[in-house]
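The structure under discussion appears below in the form of structure tokens.
In our numbering, the protein residues as written are 1 to 98.
Structure representation (structure tokens):
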């Protein structure tokens, strides 16, 4: 999950889209939490909340100067889906351990 988030942050830094800085900062904060003693399922739940609704993480695109950076955006979309799955798996694993 850490490697996925690190790459997403790199892609967000390439973008000047309206939400890129916000979600980049959010994920840098999450990385900080992951590098401390933590409950992965709680962090995963926090990440998943950023996906729902309008104007959320699911709506972010990688853009520069008003144009979409197609290759970067495609990679970002795949990594965003991968992170969603990783979060679901972390939550499921924690529930199975209870």
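All C-beta atoms in this analysis are idealised placements derived from N, C-alpha and C, irrespective of residue type, glycine included.
Considering only the alpha carbon of each residue, which of the options lies closest to residue i?
{"i": "residue 20", "options": "75, 56 and 83", "result": "56"}
{"i": "residue 49", "options": "30, 76, 15 and 63", "result": "30"}
Am I right that residue i and residue j are in contact with their C-beta atoms under 8 Å? What's the rounded C-beta distance?
{"i": "residue 90", "j": "residue 40", "result": "5 Å"}
Taking just the CA atoms, how far does residue j sit from residue i?
{"i": "residue 18", "j": "residue 36", "result": "30 Å"}
{"i": "residue 101", "j": "residue 61", "result": "In this structure the chain extends from 1 to 98, so residue 101 is not present and cannot be described."}
{"i": "residue 53", "j": "residue 64", "result": "24 Å"}
{"i": "residue 32", "j": "residue 79", "result": "19 Å"}
{"i": "residue 38", "j": "residue 44", "result": "11 Å"}
{"i": "residue 34", "j": "residue 93", "result": "17 Å"}
Assign residue i to one of three DSSP states: helix, strand, or coil.
{"i": "residue 13", "result": "helix"}
{"i": "residue 66", "result": "coil"}
Inter-stretch contact (C-beta, 8 Å, three-pair minimum) for the stretch 67-74 and the stretch 5-25: yes
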